[in-house]
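Before any comments, here is the structure.
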Amino acid sequence: MLWSLLKIILFIAAVAALALGAERLLDSGDGLRIAVAGLEFTLGPLQTLVAVFLLLLTLWLILKLAGLTVAVLRFLNGDETAISRFFARNRERRGFQALVDGMMALASGEPTQAMTKVAKAEKLLGRPELTNLISAQAAEMQGDTRRAISYYKKLLDDKSTKFVGVRGLLRQKLAEGDTDKALKLAQKAFTLKPGHDETQQVLLDLQAQKRDWTGARETLLARKHSGALPKDIYRRRDAVLALQAADDFRNEGKPRHAGDAAIEANRLSPDLVPAAIAAARTWIERETPRKAAKILKNAWAAAPHPELAAAFAEIAPDEPPAERLKRFRPLLTALPDHPETRMLQAELLIAAEDFPAARRAMGTLTESHPVARVFTIMAAIERGEGSEDAVVRGWLTRALTAPRGPRWVCEKCHSIHGRWSAICSNCEGFDTLSWREPPEDTGPSPTQTEMLPLIVGQPAPPPAADDTDAADTGETEVEEDAPGKAEPETHDKAAATPDPDYARDAEFIDDADRPTKARKAQD
Numbered sequence: 032m033l034w035s036l037l038k039i040i041l042f043i044a045a046v047a048a049l050a051l052g053a054e055r056l057l058d059s060g061d062g063l064r065i066a067v068a069g070l071e072f073t074l075g076p077l078q079t080l081v082a083v084f085l086l087l088l089t090l091w092l093i094l095k096l097a098g099l100t101v102a103v104l105r106f107l108n109g110d111e112t113a114i115s116r117f118f119a120r121n122r123e124r125r126g127f128q129a130l131v132d133g134m135m136a137l138a139s140g141e142p143t144q145a146m147t148k149v150a151k152a153e154k155l156l157g158r159p160e161l162t163n164l165i166s167a168q169a170a171e172m173q174g175d176t177r178r179a180i181s182y183y184k185k186l187l188d189d190k191s192t193k194f195v196g197v198r199g200l201l202r203q204k205l206a207e208g209d210t211d212k213a214l215k216l217a218q219k220a221f222t223l224k225p226g227h228d229e230t231q232q233v234l235l236d237l238q239a240q241k242r243d244w245t246g247a248r249e250t251l252l253a254r255k256h257s258g259a260l261p262k263d264i265y266r267r268r269d270a271v272l273a274l275q276a277a278d279d280f281r282n283e284g285k286p287r288h289a290g291d292a293a294i295e296a297n298r299l300s301p302d303l304v305p306a307a308i309a310a311a312r313t314w315i316e317r318e319t320p321r322k323a324a325k326i327l328k329n330a331w332a333a334a335p336h337p338e339l340a341a342a343f344a345e346i347a348p349d350e351p352p353a354e355r356l357k358r359f360r361p362l363l364t365a366l367p368d369h370p371e372t373r374m375l376q377a378e379l380l381i382a383a384e385d386f387p388a389a390r391r392a393m394g395t396l397t398e399s400h401p402v403a404r405v406f407t408i409m410a411a412i413e414r415g416e417g418s419e420d421a422v423v424r425g426w427l428t429r430a431l432t433a434p435r436g437p438r439w440v441c442e443k444c445h446s447i448h449g450r451w452s453a454i455c456s457n458c459e460g461f462d463t464l465s466w467r468e469p470p471e472d473t474g475p476s477p478t479q480t481e482m483l484p485l486i487v488g489q490p491a492p493p494p495a496a497d498d499t500d501a502a503d504t505g506e507t508e509v510e511e512d513a514p515g516k517a518e519p520e521t522h523d524k525a526a527a528t529p530d531p532d533y534a535r536d537a538e539f540i541d542d543a544d545r546p547t548k549a550r551k552a553q554d
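In this text, residue positions in the sequence shown follow this note's numbering: the first is 32, and each later residue adds one.
What follows is the structure in structure tokens.
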């Protein structure tokens, strides 16, 4: 460092001295007078500068010739490397220039030119650890997989490039879909460089695909120690892996191990809905309902979810509707304005046959959260209050064309899943499912289902607040103006459309007239 600084200072001083001398010489107007062996030469200022330049050039040539002469003399005395080092400097310079040109051609998307330049660099330098990598990448760009693999295998012979060769082969096997060999290569790369972020992620994904949950948890811990994962993300993903291990234990007939893994998953991430459900069912099986209720209440307060409510109902499956409504009070008061809370309360009130209260619980969800479940619940309320079939079918028709509401959606490929899983079944992404509403198609339906309300009837509007007569008699305005009242046969044909969702909803509505069956279905 000090020597470099000293050289810079000396260079600046020499340049400054030459500049100052040239300025003085030009300002004086005098030339340079040289007397040699009785001969006298007078040079002007410009001629003097040219003479100095030629003198320096001559001196440089003399030094080079002297170096060559010394190298030849040493070569003649038996030192064969002296003259080879002299000529190798120029060869090395041209080789590195060819290597740089090859790298620039590769970055510019010209693999053929890159291969040509690299071949020249290899001939001049003889450094395969430098040229094989560029050759492999150029072969990949050309689509020559076999040639690229051969170059990556050559990199395995050198310790300094072994990791690069393994990583290149790993990418090739992933592209071919050979996950077995890719997993072995990923483990090898992880051994060579445990702190490499990309290798950690690839190894974690492959271990998850192979359901090696123990190995995946070790890799995840290594990612945390290397600083690649924040603590909260680490705990959630560790909980996901523990939950998947619980599923495997359950499939292997080890309920005790499965329960312990589920409880650990919930401890690591209390707001992970599947973990909370699995842990709660474990405590229910172990006849500890109070712990199960506590877990579900905490998870519901973090993010209401219908499966949490279903698991909460399993704590006391045979209780009467009135007692169930009372026991669900902590869930209903945690987030009272949440759409999931309102729909849960309405369903509980329907089971208790308190249909006016169920309607009040729904509030304005038909406008603020118009999903299929909202319209189905409204149809059940209308049936319970004795509304005409056209009104009930009108709500069910809206349910047919409405969005289905939140579902498990992959954040990576946006595919929709019926149930949660640690691995996306479409893109095989790890921990990519989230509970949210998928983007819905807002364009016209190809089956023209928008016409169904005109055929089967419109849902009843909410009664006016000052319409006391209608409230006292239990009648609504729709009973007078419901479309299609004069032609019930046409309505019956439309209602018989073989749609599975419609059939399921209709069966639920028919059960509303049978309190016992409705209560069992709600339980």
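We put the CB at the ideal spot given by N, CA and C, even for glycine.
Three-way DSSP call (helix, strand, coil) for R438 in this model: strand
Length of the line joining the Cα atoms of F42 and M135: 33 Å
From the DSSP output, in three-state form, read off D227 for me. As written in the sequence, residue 227 is His, which differs from the Asp given in the question. Coil, per DSSP.
Would A332 and A353 qualify as a contact pair, given that the criterion is a beta-carbon distance under 8 Å? no
Reduced DSSP category for I346 - H, G, I as helix; E, B as strand; rest coil: coil
Please state whether DSSP places F25 in a helix, a strand or coil. Beyond the ends of the chain as shown, which are 32 and 554, falls residue 25; an answer cannot be given.
In the DSSP assignment, find the unbroken alpha helix (DSSP H) run with F555 in it and report its ends. One cannot answer for residue 555 here, as it falls past the ends of the chain, which runs 32 to 554.
Would you give the residue range spanned by the alpha helix (DSSP H) that G425 belongs to? D420 to T432
Return the CA-CA distance between R321 and L363, expressed in angstroms with no decimal places. 18 Å
Among S35, N329 and R287, which one has its Cα closest to the Cα of N582? Summary: the structure shown does not reach residue 582, with the chain confined to residues 32 through 554, and so no result is reported for it.
Based on Cα-Cα distance, which residue from P470, C444, A344 and A403 lies nearest to D462? C444
Consult DSSP for R467 and reduce its assignment to one of helix, strand or coil. strand
Beta-carbon proximity check, C441 vs G460, cutoff 8 Å: yes
Spatial distance of L200 from F127 (CA atoms): 26 Å
Does the pairing of the stretch 418-436 with the stretch 390-409 give three or more beta-carbon distances under 8 Å? yes
Pairwise C-alpha distance: L130 and R202: 24 Å
Report the CB separation of I408 from A377 in whole angstroms; it is logged as a contact under 8 Å. 5 Å
C-beta contact flag for E338 and I308 at 8 Å: yes
DSSP beta-bridge partners of I454: F461
A342 beta carbon less than 8 Å from that of R559: Residue coverage of the chain in this structure runs from 32 to 554, which leaves residue 559 outside it and unanswerable.
My output table needs one value for H448: the three-state DSSP class, helix, strand or coil. strand
Touch test, the stretch 288-295 against the stretch 255-264, Cβ-Cβ under 8 Å, three pairs minimum: no
Closest by CA to R198, which one among D211, A217 and Y182? A217
Sufficient close CB pairs (3 or more, under 8 Å) joining the stretch 172-188 to the stretch 212-228: no
Can you tell me whether E354 is helix, strand or coil according to DSSP? helix
At the level of alpha carbons, what is the spacing between T480 and W244? Because the pLDDT of T480 is 46, which lies under 50, any placement of that residue in the model is unreliable, and the number read from its coordinates should be weighed accordingly. Taking the straight line joining both Cα atoms gives about 46 Å.
Less than 8 Å between the CB atoms is what I'm expecting for L251 and R268, so what's the real figure, rounded? 6 Å
For the alpha helix (DSSP H) holding P370, just list the boundary residues, first then last. P370 to A382
Within this structure, are the beta carbons of L137 and A170 separated by less than 8 Å? no
Let me confirm a value: W426 is counted as buried when at least 16 other C-beta atoms fall within 10 Å, else exposed. Which label applies? buried
Considering only their Cβ atoms, is the gap separating R358 from A347 smaller than 8 Å? yes
Is the distance from the Cβ of G226 to the Cβ of S257 below 8 Å? yes
Could you check what DSSP says for F406 in three-state terms: helix, strand or coil? helix
CB-CB under 7 Å to K224, same chain, minus the five flanking residues each way: which ones, in chain order? F194 and T230
Going by C-alpha to C-alpha distance, which of L272, A97, Q144 and K148 sits closest to A453? L272
What is the DSSP secondary structure of T176, reduced to helix, strand or coil? helix
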